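Take a look at the structure set out below.
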Amino acid sequence: MAERLPPRALLDKLVSFPTVSRDTNLPLIEWVAEYLQSHGITPHVWPDPDQPEKAALFAHVGPEEEGGLVLSGHTDVVPVDGQEWSTDPFTVTERDGRIYGRGTCDMKGFDALAIWALVEAQHMAITRPLQLALSFDEEVGCTGAPKMIAAMQGVIPKASAVIVGEPSRFQAVTGHKGGQGFDTDVQGFEVHSSIMHTGVNAIMEAAKLIDWANQRNTESAAATPGPLAAAFDPPWTTAHVGMISGGTAHNITSKDCRFPMDFRFVPGDDPETWRKDYFDAVAEVEAAMQAVRPEARITLSERFAVPALAPEHEGEAELLVRRLTGDNASHVVSYATEAGQFQEAGYSAVVCGPGDIAQAHQPDEYLEISQFQAGEDFMRRLLATLKGD
């Protein structure tokens with residue numbers, strides 16, 4: 001009989017795969033598939049046709065019927081480039097009550113617990129199905145989950161609820177902001193800066209759009225938040241530019257400038273309205289550029305779009321997590337997860353997992369051992385519930 005690995009051994013193995021979003025996650029997916037197969041579980045591996053080096057995995061245990069529960073996690077992690085680590089980021093190191101390693105908190109700790117729970121469920125008579133869903137490219141805008149969710153339909157029975165195990169210290173997070181990002185490419189016209197009025201400075205034109213974001217943030221902060229937005233910090237939709245590049249020399253009007261414009265939407269705000277507003281602002285700036293040089297232009301390309309997670313009244317996923325954790329407080333977060341995408345696809349969704357989001361993406365990322373143990377206890381209670389005890 002195949003060995004049933006404990007959660008900690010599973011975590012050590014998952015962290016050893018350097019699944020940075022820019023790289024492949026296939027070795028990890030293939031290992032998980034083989035491990036599940038060794039316990040009689042059929043893994044469904046879905047390779048992304050647009051990225052042959054990426055794949056999702058999902059599996060079903062228990063009665064072949066709808067209405068089960070999904071444990072959902074992502075397999076990719078953020079880079080370690082430029083970060084000062086005191087240990088090898090892809091080797092789990094334990095000290096001072098913490099488990100260090102890239103992804104221990106975000107979110108291979110939950111992935112390990114979910115894989116462990118699925119195998120345990122296979123070896124007991126659960127009466128409600130349990131499913132595992134492991135996605136890719138979450139860290140670059142949750143772009144892999146919608147493909148995975150679509151691939152699950154008709155292959156395994158559709159579940160009714162999903163727990164997305166992003167770090168929440170096992171609080172029941174019932175709402176989060178959505179997100180949308182546009183790569184903005186401004187193409188100007190180079191001339192000597194002494195005659196700048198005859199050219200188009202891409203950086204200075206881009207600055208108008210960045211200032212548009214500043215103005216919108218000021219307006220949003222001054223407005224009275226709606227009932228869904230009021231619980232968030234901050235309680236408004238934000239526009240943000242975190243990177244910019246362009247130009248050749250200080251005395252040449254820059255020919256090009258590139259920056260990402262990202263929005264984080266509170267539930268209740270219409271992403272399409274913000275999209276239209278930004279596109280209108282871009283069109284206005286572009287028209288002024290082309291009045292000087294007709295060949296100047298601004299090109300927009302959507303990088304990601306993630307729906308918000310809206311709190312559900314008496315939501316199935318929320319009620320289940322509250323029974324398992326005893327947490328009856330209200331929690332919302334400003335980061336986005338795959339939960340909104342599952343909700344959009346017809347699942348009841350909640351975010352609940354081990355660790356603190358403050359540790360995510362940090363050098364010497366860690367998960368407290370007490371949180372990992374709390375995760376195992378959580379899964380044991382979940383399995384008992386699925387068994388009908």
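Going by the working numbering, 210 is the number at position 210 of the sequence shown; the sequence numbering is gapless. All C-beta atoms, glycine included, are put in the ideal place defined by N, C-alpha and C. A quick note: this is a predicted structure, and the numbers were derived from the prediction, not measured.
### Query
Can you tell which of Glu120, Thr385, Ser334, Leu367 has its C-alpha closest to the C-alpha of Gly97?
Leu367
### Task
Could you have a look at Ser193 and say whether DSSP puts it in helix, strand or coil?
If DSSP states are grouped into helix, strand and coil, Ser193 belongs with the helices.
### Task
Kindly indicate which residue of Ala56, Gly188, Ala336 has the alpha-carbon position closest to the one of Cys257.
Gly188
### Message
With distance defined between alpha-carbon atoms, name the residue in Gly375, His74, Arg102, Arg8 nearest to Gln83.
### Response
Arg102
#### Entry: First and last residue of the uninterrupted beta strand (DSSP E) at Tyr35
Element bounds for Tyr35: not the beta strand (DSSP E) but the alpha helix (DSSP H), 26 to 37.
### Query
Among residues of its own chain, excluding the 5 on either side of Gly67, which ones have a beta-carbon nearer than 6 Å to its beta-carbon?
Apart from sequence neighbours up to five positions away, the residues of its chain that approach Gly67 with a beta-carbon distance below 6 Å are Ser160, ordered along the chain.
### Message
Please report the distance separating the alpha-carbon of Ala281 from that of Val80.
### Response
36 Å
### Task
Could you name the residues of the same chain whose beta carbon sits closer than 6 Å to that of Cys105, not counting the 5 residues immediately before and after it, in chain order?
Pro167, Gly355, Gln359, Ala360, Glu365, Leu367
### Query
Measuring CA to CA, which of Gly179, Arg4, His74, Met124 is closest to Leu309?
Gly179
### Query
Taking Phe136 as the reference, which of Pro271, Gly73, Asp327 has the closest Cα?
Gly73
### Task
Could you work out which residue in Ser21, Arg216, Phe279 is closest to Thr408 when comparing CA atoms only?
This structure cannot speak to residue 408, because the chain is shown only from 1 to 389.
### Task
Indicate whether the contact test is met: 3 or more Cβ pairs, each with one atom in the segment 240 to 255 and one in the segment 301 to 319, closer than 8 Å.
no
### Residues of its chain near Ala55, where Cβ-Cβ distance is below 8 Å and the 5 sequence neighbours each way are ignored
Asn25, Leu26, Ile29, Val45, Trp46, Pro47, Asp48, Phe136
### Query
Of the choices Leu118, Trp236, Thr143, whose alpha-carbon is the least far from that of Arg303?
Thr143
### Task
Select from Pro18, Val61, Glu286, His197 the residue whose C-alpha is nearest the C-alpha of Lys208.
Glu286
### Query
Is Glu393 buried or exposed, if buried means 16 or more other CB atoms sit within 10 Å of its CB?
Examination of residue 393 is not possible in this model, given that the chain is present from 1 through 389 alone.
### Query
Looking only at DSSP bridge pairs, what is Asp76 linked to?
Looking at the DSSP assignment, Asp76 forms no beta bridge with any residue, so it has no partner.
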